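Asks: Pasting a structure below so you can have a look.
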Ligand code: SF4
């Protein structure tokens, strides 16, 4: 039996979970959301990626930085590849919050979207 000790980050209470992946059981959770989080974190951890994209003018000159995030969490193991992909992108104004700047990031089916208006 291999137990994993995980802190639930679903709410500020931060319960200490013990997850048994083989038995698919979670203890230490104060509510059902902790069991769902604990099993997911132990088997397929995911994270929302936040970063910035360089915004350039028509000549390719740097203008500003645009904060971006993945529209949904992606597998934690893809974090570094995702950051590299985001770093390589250049965007042009105008940008509206929610605009897709990278569709289907790393074939995850998840888009990278703008987090603010930059008009
Ligand atoms: S188990 Fe429930 S109460 Fe505890 S941190 Fe997670 S969401 Fe919050």
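Numbering (the numbering used here), first residue to last: 496 to 614. We put the beta carbon where it would ideally sit given N, CA and C, even for glycine. All figures in this text were calculated on a predicted structure; none of them were measured in a lab.
#1: Check the C-beta distance from residue 524 over to residue 518 and give it rounded, since I have them as a contact under 8 Å.
#2: Could you check how far apart the C-beta atoms of residue 607 and residue 613 are, in whole angstroms? I think they sit under 8 Å.
#3: Since residue 569 and residue 541 should fall inside the 8 Å C-beta cutoff, what is the C-beta to C-beta distance between them, to a whole number of angstroms?
#4: For residue 543, is the classification buried or exposed, using 16 other Cβ atoms within 10 angstroms of its Cβ as the cut-off for buried?
#5: Since residue 609 sits in a beta bridge, which residues does DSSP pair it with?
#6: If the criterion is Cβ atoms closer than 9 Å, does the pair residue 556 and residue 590 meet it?
#7: Which class does residue 513 belong to by DSSP, given the choice of helix, strand or coil?
#8: Short of 7 Å in beta carbon distance, which residues of its chain neighbour residue 534, apart from the five on each side in sequence? Order them along the chain.
#9: Beta carbon of residue 512: closer than 8 Å to some heavy atom of the ligand SF4?
Replies: Quick look at the numbers:
#1: Position 29 of the chain shown, counted from the start, is the residue given in the question as residue 524. Position 23 of the chain shown, counted from the start, is the residue given in the question as residue 518. At roughly 15 Å, the Cβ-Cβ gap does not stay under 8 Å, so residue 524 and residue 518 are not in contact.
#2: Position 112 of the chain shown holds residue 607. Position 118 of the chain shown holds residue 613. Wrong, their Cβ atoms sit about 15 Å apart, outside the cutoff.
#3: By 1-based counting over the chain shown, the position of residue 569 is 74. By 1-based counting over the chain shown, the position of residue 541 is 46. Confirmed, about 6 Å.
#4: To locate residue 543, count along the chain shown from 1; it is residue 48. Residue 543 comes out exposed.
#5: Position 114 of the chain shown holds residue 609. DSSP lists 563 as partners of residue 609.
#6: On the chain shown, position 61 is the one that residue 556 refers to. On the chain shown, position 95 is the one that residue 590 refers to. Going by C-beta atoms, residue 556 is not nearer than 9 Å to residue 590.
#7: Within the chain shown, residue 513 is the residue found at index 18, counting from 1. If DSSP states are grouped into helix, strand and coil, residue 513 belongs with the strands.
#8: As a working mapping, residue 534 is identified with position 39 in the chain shown. Cβ neighbours of residue 534 beyond the five flanking positions: 514, 519, 521.
#9: Numbered from 1 along the chain shown, position 17 holds the residue referred to as residue 512. Correct: residue 512 has its Cβ closer than 8 Å to the ligand SF4.
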